[in-house]
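Numbering (my numbering), first residue to last: 384 to 571.
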């Protein structure tokens with residue numbers, strides 16, 4: 384009688400408590416899933432190539448811009464190594480930067496591709512709770528237009544510098560009443 388009723392009451396109480404815990408976990412899981420979906424939407428809609436590479440040089444995350452540039456999709460890239468997914472020349476070029484990132488250094492470098500496109504890559508080390516590097520985030524931006532503008536500005540600066548030199552030489556000739564031929568003869 385009474386013992387069975389107490390056991391039954393305890394079981395009902397325990398099941399009720401387990402149900403509340405399961406609901407709480409389910410809500411937490413739903414919130415985590417919602418955050419994951421939102422983060423994926425953000426990373427897939429920015430004009431920046433994003434990847435996460437672990438300590439073993441294995442892709443653990445890539446966004447849609449990454450897939451558009453290098454082909455494939457998350458299923459065909461995530462879980463594979465840099466060596467397995469990159470052409471030999473790019474793999475060789477990036478290894479010194481990858482090693483620096485995995486050593487804990489923030490790395491920034493530009494690369495001009497055969498197509499003429501210029502990219503800026505940033506590798507940001509990821510550390511665990513103890514501070515050990517466990518991988519790095521790779522962020523790649525197309526800076527072709529910026530480089531074109533920088534190159535044009537450099538060329539303009541070179542032309543202006545030469546024009547200033549020419550003007551100074553002309554002013555010198557005028558100041559001393561020299562013809563261009565006399566200026567050349569006095570310079571030798």
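The C-beta atom is built at its ideal place from N, Cα and C for all residues, glycine as well.
Rounded to the nearest angstrom, the gap between the Cα atoms of residue 418 and residue 454 is 26 angstroms. In the displayed model, residue 498 falls within coil according to three-state DSSP, outside both helix and strand. Comparing C-alpha distances from residue 422 to each of 543, 494, 444 and 472 shows the shortest one belongs to 444. Under DSSP, the beta-bridge partners assigned to residue 492 are 504. For residue 445, the secondary structure class from DSSP, reduced to helix, strand or coil, is strand. Just so you know, the alpha carbons of residue 498 and residue 428 end up roughly 24 angstroms apart. Where residue 525 is concerned, the enclosing beta strand (DSSP E) starts and stops at 516-525. According to the DSSP assignment, residue 437 belongs to the beta strand (DSSP E) that extends over 432-437. When rounded, the separation of the alpha-carbon atoms in residue 472 and residue 540 is 34 angstroms.
For residue 472, the enclosing alpha helix (DSSP H) covers residues 471-485.
Only buried fits residue 446, as 16 or more other CB atoms lie within 10 angstroms of its CB.
When the alpha-carbon of residue 501 is set against those of 437, 493 and 463, the nearest one is in 493. DSSP places residue 440 outside both helix and strand once states are collapsed to three, so it counts as coil.
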